[in-house]
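Trainee:
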Amino acid sequence: MKVTSTTNNLIQLTHLVAFNCYLLREDDGLTLIDTNMSGQAQAIMQAADKLGLPITRIVLTHAHIDHVGSLDALHEALPDVPVAISERDERFLSGDKSLDPSEPQVPLRGGYPICKTKPTLLLHEGDHIGSLEVIATPGHTPGHIAFLDTRDRTVIGGDAYQTQGGVAVSGTFEILFPFPALATWHKGLALESARKLLALQPSALAVGHGRVLNHPQEEMKHAIHVMEQALAKEEWKQSHVA
Ligand SMILES: [Zn+2]
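Under the numbering used here, think of the first position of the sequence shown as 2, with each following residue one higher.
#1: Verify whether the separation of the beta carbon atoms of Ile34 and Thr62 is less than 9 Å.
#2: Leaving out five residues on either side along the sequence, give the residues of the same chain with a beta carbon under 6 Å from the beta carbon of Leu122.
#3: Looking at C-alpha atoms only, which residue of Ala195, His76, Ala19, Leu24 is the closest neighbour of Asp150?
#4: Would you identify the three-state DSSP class for Lys3, choosing helix, strand or coil?
#5: Could you please give the first and the last residue of the uninterrupted beta strand (DSSP E) stretch that includes Val227?
#6: CB-CB under 8 Å to His125, same chain, minus the five flanking residues each way: which ones, in chain order?
#7: Just checking, does the stretch 106 to 119 make contact with the stretch 167 to 176 on the three C-beta pairs under 8 Å criterion?
#8: Across which residues does DSSP place Phe148 in a beta bridge pair?
#9: Can you tell me whether Glu27 is helix, strand or coil according to DSSP?
#10: With a CB to CB cut of under 8 Å and the five nearest residues on each side skipped, what residues in its chain are close to Asn21?
#11: Got a sec: does ligand 3 put a non-hydrogen atom nearer than 8 Å to the Cβ of Thr151?
#12: Of the residues Glu235, Leu75, Tyr162, which one's Cα is nearest the Cα of Gln41?
#13: According to DSSP, is His76 helix, strand or coil?
#14: Give the C-beta separation of Ile225 and Leu192 to the nearest angstrom, bearing in mind that I take them to be a contact with Cβ-Cβ under 8 Å.
#15: Which residue from Phe148, Pro143, His129, Glu220 puts its Cα closest to that of Glu104?
#16: My output table needs one value for Gln163: the three-state DSSP class, helix, strand or coil.
#17: Taking only heavy atoms of ligand 1 into account, decide whether any of them is closer than 8 Å to the Cβ of Gly111.
#18: I need the straight-line Cα distance from Val156 to Glu175, nearest angstrom please.
#19: For Trp237, is the classification buried or exposed, using 16 other Cβ atoms within 10 angstroms of its Cβ as the cut-off for buried?
#20: With a threshold of 16 other CB atoms inside 10 Å of the CB of Asp67, please say whether the residue is buried or exposed.
#21: So what's Ala1 in DSSP terms, helix, strand or just coil?
#22: For a test of the three-state rule: what should DSSP assign to Phe178, helix, strand or coil?
#23: On the DSSP letters alone, give me the boundaries of the alpha helix (DSSP H) that Ser194 sits inside.
#24: Suppose the cutoff is 6 Å on Cβ atoms and the five residues either side in sequence are ignored; what does the same chain contact list for Met2 look like?
See the structure below:
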């Protein structure tokens with residue numbers, strides 16, 4: 002795993018060039034944000050050891066396989082460490098892939114593996130966990146959440162945006178790294194969530210796939226604009242096909 006110090010408190014761990022999870026320094030140790038693909042537990046714990054700090058909590062942005070892949074192995078090794086995910090995406094971990102009647106009835110996309118681990122904390126918009134505030138950002142998955150570090154306004158955005166293959170809102174097809182687009186459930190909601198993260202005026206944006214952006218607002222604005230254009234085009238096509 003490649004270990005990159007990004008902001009004062011945030012360390013990016015990268016597997017196979019494009020798959021990130023993060024360690025965040027807190028007063029009481031490290032918060033692990035996402036768990037990467039399966040087989041990465043050892044490397045994640047070694048990275049924490051090198052920083053000389055214990056992992057004191059695990060938080061998940063969403064239930065896709067490249068974010069919860071090493072969850073069970075980490076939970077086995079660190080059974081007393083609390084695990085947190087949104088209440089909505091928690092259902093996927095036990096294999097319940099039903100949609101709520103209030104949600105857009107479009108098919109889920111991407112891999113949602115069943116996990117043995119039962120999260121100890123179910124998160125909602127506005128909750129605080131360590132220095133992080135929970136920001137509901139549905140779209141990529143129904144219960145996708147991002148985290149705002151209230152100390153320095155770094156946003157850890159999961160797959161709400163990607164920066165691999167170009168800075169984009171998830172759901173925008175980027176030929177050089179198309180996986181987040183292929184795994185996005187609802188593009189309209191993803192676009193709204195991308196606007197919500199921009200409105201937080203982040204000082205940095207850390208994502209599941211690609212490098213961390215400092216002063217990201219111009220690039221986020223541009224990505225939103227591109228997504229708006231793409232969605233408008235799709236709507237035009239749909240209205241002219243029937
Ligand atoms: Zn994802």
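Think of the CB as a built atom: it goes at the ideal place given N, C-alpha and C, for glycine as much as any other residue.
Treat the numbers as computed from the prediction; the structure is a model and nothing was measured.
Mentor: On the basis of the data shown:
#1: yes
#2: Pro83, Ala85
#3: Leu24
#4: strand
#5: From DSSP, Val227 is part of no beta strand (DSSP E) but of the alpha helix (DSSP H) over 218 to 242.
#6: Ser87, Glu88, Val135, Ala137
#7: no
#8: Val135, Ile157
#9: strand
#10: Gln13, Leu14, Thr15, Asp35, Asn37, Ala207, Val208, Gly209, His210, Gly211
#11: Ligand 3 is not among the ligands present in this structure, which contains only ligand 1.
#12: Leu75
#13: helix
#14: 7 Å
#15: Pro143
#16: strand
#17: yes
#18: 22 Å
#19: exposed
#20: buried
#21: Because the chain spans 2 through 243 in this model, residue 1 falls outside it and cannot be assessed.
#22: coil
#23: 188 to 200
#24: Leu14, His16, Ala44
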